[in-house]
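Student:
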Amino acid sequence: MSDRAGPCDGLIEEARQIIGAAKSITVFSGAGISTDSGIPDFRGPNGVWTKNPEAEKVSTLSHYLNDPEIRQIAWRNRLASPAWAAVPNDGHRAIFALEQRGVLVAVITQNIDGLHQHVGHLPENVLEMHGTMRFSICWSCGDRRGMQATLQRVREGDSDPACELCGGILKSDTISFGQALVPEVVERAMAASEDCDVLLAVGSSLTVRPAANVVPRAKAMGAKVVIVNGEPTAMDHYSDVVLVGELSELLPRIVG
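Going by our numbering, the residue at position 10 of the sequence shown is 15; the numbering climbs one at a time, nothing skipped.
Okay, here's the thing in structure tokens:
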């Protein structure tokens with residue numbers, strides 16, 4: 006729990022009225038929504054890359070493909086990831102309530118943890134801009150398998166497991182630095198940002214493009230923008246309401 010003063014009740018009520026009046030809502034989520042589930046973010050004050058800038062190498066495609074030691078570190082990190090034991094929090098549940106209410110267009114997420122699907126969203130309603138840690142994929146032949154099966158090979162002593170079909174390099178089915186996003190996912194995300202009354206951006210610094218482009222795209226199409234985050238963001242100037250505080254506390258208040 007942060008001791009930082011939260012947003013005033015008037016701002017919370019204003020956001021609640023915007024959300025309540027909307028007939029179509031697109032959600033854009035970042036790592037901040039999962040911190041209350043025990044998954045650290047990357048760029049926040051206690052983020053993985055803030056504390057250890059060298060850790061960013063593990064997520065850089067060129068380093069990963071060319072350095073077996075980096076891959077071994079990556080596989081050890083995957084084994085130890087707190088995401089495997091994480092469960093959705095009240096923030097995830099508040100967003101799912103929008104789908105249950107019938108007003109959700111889509112959840113566009115930068116997150117790779119799968120917690121939006123875990124809370125109950127239809128998989129087709131979750132657009133994973135940066136991929137998913139729940140699967141491994143071969144860089145050479147594209148063979149895609151459940152990550153737990155690949156991690157079992159690591160547990161059994163294979164420190165850098167290769168593709169069982171072609172012998173190629175395996176990686177998490179996530180988007181690394183230097184790797185292109187999936188065009189079809191980007192197109193669907195931009196379409197969802199244009200097809201809503203309200204764009205609700207939660208838990209993201211809104212600095213990573215093209216994912217964060219959904220905010221100005223929605224605003225340009227006439228949507229209201231509500232931003233909820235633990236810190237000010239790079240796109241607060243687009244927002245009709247900005248709420249800074251704990252997401253798992255604020256989201257149920259403005260969605261409920």
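Beta carbons are placed, not taken as given, at the ideal position from N, Cα and C, and that holds for glycine.
Which class does Lys224 belong to by DSSP, given the choice of helix, strand or coil?
Tutor: By one-based count along the sequence shown, residue 224 stands at place 219. In this structure, Lys224 counts as helix in the three-state DSSP scheme.
Student: What are the uninterrupted segments assigned as beta strand (DSSP E) that are 3 or more residues long and contained completely in the stretch 153-208, given in chain order?
Tutor: Whole beta strand (DSSP E) segments, 3+ residues: 175-179, 203-207.
Student: To the nearest angstrom, report how far apart Ala79 and Asp14 are at their CA atoms.
Tutor: The residue given as residue 79 occupies position 74 in the sequence shown. The residue given as residue 14 occupies position 9 in the sequence shown. Going from the Cα of Ala79 to the Cα of Asp14 covers about 44 Å.
Student: Give the straight-line distance between the Cα atoms of Pro34 and Ile75, rounded to the nearest whole angstrom.
Tutor: The residue you call residue 34 lines up with position 29 of the sequence shown. The residue you call residue 75 lines up with position 70 of the sequence shown. Residue identity check: residue 34 is Ser in the sequence provided, not Pro. Each residue's Cα considered, the two are about 28 Å apart.
Student: With a CB to CB cut of under 6 Å and the five nearest residues on each side skipped, what residues in its chain are close to Ala239?
Tutor: Stepping through the sequence shown from its first residue, residue 239 is reached at position 234. Counting only Cβ-Cβ distances below 6 Å, and skipping sequence neighbours, we find Leu211, Thr212.
Student: Report the option in His97, Ser67, Pro166, Val108 whose CA atom is closest to the CA atom of Gly119.
Tutor: As a position in the sequence shown, residue 119 is number 114, starting the count at 1. If we check each option's Cα against that of Gly119, His97 comes out closest.
Student: Quick one: what's got a C-beta closer than 8 Å to Leu175's C-beta in the same chain, skipping five residues either side?
Tutor: For the purposes of this step, residue 175 is taken as the residue at position 170 of the sequence shown. Once the five neighbours on either side are set aside, the close Cβ partners of Leu175 are Ser141, Ile142, Cys143, Trp144, Thr155, Pro166, Ala167, Cys168.
Student: Look at the alpha carbon of Ile117 and the alpha carbon of Glu19, and state the distance between them as a whole number of angstroms.
Tutor: One-based indexing of the sequence shown puts residue 117 at position 112. One-based indexing of the sequence shown puts residue 19 at position 14. Cα to Cα, the separation comes out at about 31 Å.
Student: Looking at Leu103 and Val32, is the spacing between their C-beta atoms short of 9 Å?
Tutor: Residue numbering aside, residue 32 sits at position 27 when the sequence shown is read from its first letter. Residue numbering aside, residue 103 sits at position 98 when the sequence shown is read from its first letter. Yes, the Cβ-Cβ distance between Val32 and Leu103 is below 9 Å.
Student: Compute the Euclidean distance between the alpha carbons of Ser181 and Leu132, then round it to the nearest angstrom.
Tutor: Indexing the sequence shown from 1 puts residue 181 at position 176. Indexing the sequence shown from 1 puts residue 132 at position 127. Cα-Cα distance, rounded: 17 Å.
Student: Please look up how many angstroms separate the CB atoms of Asp200 and Val110, rounded, as I've assumed it's under 8 Å.
Tutor: Working through the sequence shown from its first residue, we reach residue 200 at position 195. Working through the sequence shown from its first residue, we reach residue 110 at position 105. Yes, Asp200 and Val110 are in contact; Cβ-Cβ is about 6 Å, under 8 Å.
Student: Could you pull out every residue in the same chain whose Cβ sits closer than 7 Å to the Cβ of His125, ignoring the five residues on either side in sequence?
Tutor: Start at 1 with the first residue of the sequence shown, and residue 125 comes out as number 120. It should be pointed out that residue 125 corresponds to Gly in this sequence rather than to His. Excluding sequence neighbours, Gly125 sits near Phe101.
Student: Kindly list the residues whose CB is nearer than 7 Å to the CB of Ser164, restricted to its own chain and excluding five residues on each side of it in sequence; keep chain order.
Tutor: Locating residue 164 in the sequence shown gives position 159, where the first residue counts as 1. Around Ser164: Gln77, Trp80.
Student: State the DSSP-derived secondary structure class of Val219, mapped to helix, strand or coil.
Tutor: Against the sequence shown, residue 219 aligns to sequence position 214. If DSSP states are grouped into helix, strand and coil, Val219 belongs with the helices.
Student: Cβ of Asp165 within 8 Å of any heavy atom in the ligand SAH?
Tutor: No copy of the ligand SAH appears in this structure; indeed no ligand is present at all.
Student: Can you give me the C-alpha to C-alpha distance between Val260 and Pro73, rounded to a whole angstrom?
Tutor: Numbered from 1 along the sequence shown, position 255 holds the residue referred to as residue 260. Numbered from 1 along the sequence shown, position 68 holds the residue referred to as residue 73. Answer to the nearest angstrom: the Cα atoms are 46 Å apart.
Student: Going by Cα to Cα distance, which pick from Ala36, Glu61, Pro45 is closest to Pro87?
Tutor: In the sequence shown, the residue the question calls residue 87 occupies position 82. For Pro87, the nearest C-alpha among the options comes from Pro45.
Student: Return the CA-CA distance between Ala26 and Asp202, expressed in angstroms with no decimal places.
Tutor: As a position in the sequence shown, residue 26 is number 21, starting the count at 1. As a position in the sequence shown, residue 202 is number 197, starting the count at 1. Going by the C-alpha atoms only, they are around 9 Å apart.
Student: Would Val249 and Pro12 qualify as a contact pair, given that the criterion is a beta-carbon distance under 9 Å?
Tutor: Translated into positions along the sequence shown, residue 249 becomes position 244. Translated into positions along the sequence shown, residue 12 becomes position 7. Yes, these two residues count as a Cβ contact at 9 Å.
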